[in-house]
Amino acid sequence: MNFTTNEEEVDFEKCLKNGDKIILAFTTALIEIVQLLHAANVSNLPIIIHELEYYAVVSEQNDKANGTERVQEFIDWISQMNNEDEAY
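Quick note on UniProt numbering: the sequence shown kicks off at 1 and runs consecutively.
Following this line, the structure appears as structure tokens:
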């Protein structure tokens, strides 16, 4: 799963779809790694998965990776931020 600048210039839409696949594979791997770290009792602290912006999918990824009890405050913060953005 990859694409080059030249491929992007030829078929941008195809590269966007490929980019979505790359992001899905990457975040799936992150979720699995975080779950393994928690299962091995490496840390009980949340290991936050994020992007440059925070939206519902980021909350879902963190909930799945860490368990709600570790990231509830983070999930609430994302929800509050998104609600404030909708008010503008």
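Idealized CB from N, CA, C, for every residue including glycine.
Who are the Cβ neighbours of residue i in its own chain at under 6 angstroms, not counting the five residues just before and after it?
i: residue 91; result: Since the first and last residues shown for the chain are 1 and 88, residue 91 lies out of range.
i: E8; result: C15
Suppose the cutoff is 8 angstroms on Cβ atoms and the five residues either side in sequence are ignored; what does the same chain contact list for residue i look like?
i: M1; result: N18, K21, I22, A25
i: G67; result: H38
Should residue i go down as buried or exposed, given a rule of 16 or more other Cβ atoms within 10 Å for buried?
i: A56; result: exposed
i: N83; result: exposed
i: V10; result: exposed
i: N41; result: exposed
i: A65; result: buried
What span of residues does the alpha helix (DSSP H) with residue i cover, start to end?
i: E51; result: Segment: none, E51 is in no alpha helix (DSSP H) and carries neither H nor E.
Which residues in the same chain have their Cβ closer than 7 angstroms to the Cβ of residue i, if we skip the five residues on either side of it in sequence?
i: S43; result: L37
i: I48; result: N62, F74
i: R70; result: P46
> Are at least three pairs of beta-carbons, each pair with one atom in the region 31-41 and one in the region 4-13, less than 8 angstroms apart?
Replying inline: As far as the Cβ criterion goes, the region 31-41 does not touch the region 4-13, which means the pair count is below three.
> In chain order, which alpha helix (DSSP H) runs of at least 4 residues are fully inside the region 10-86?
Replying inline: Here the runs fully enclosed are 12-39, 56-66.
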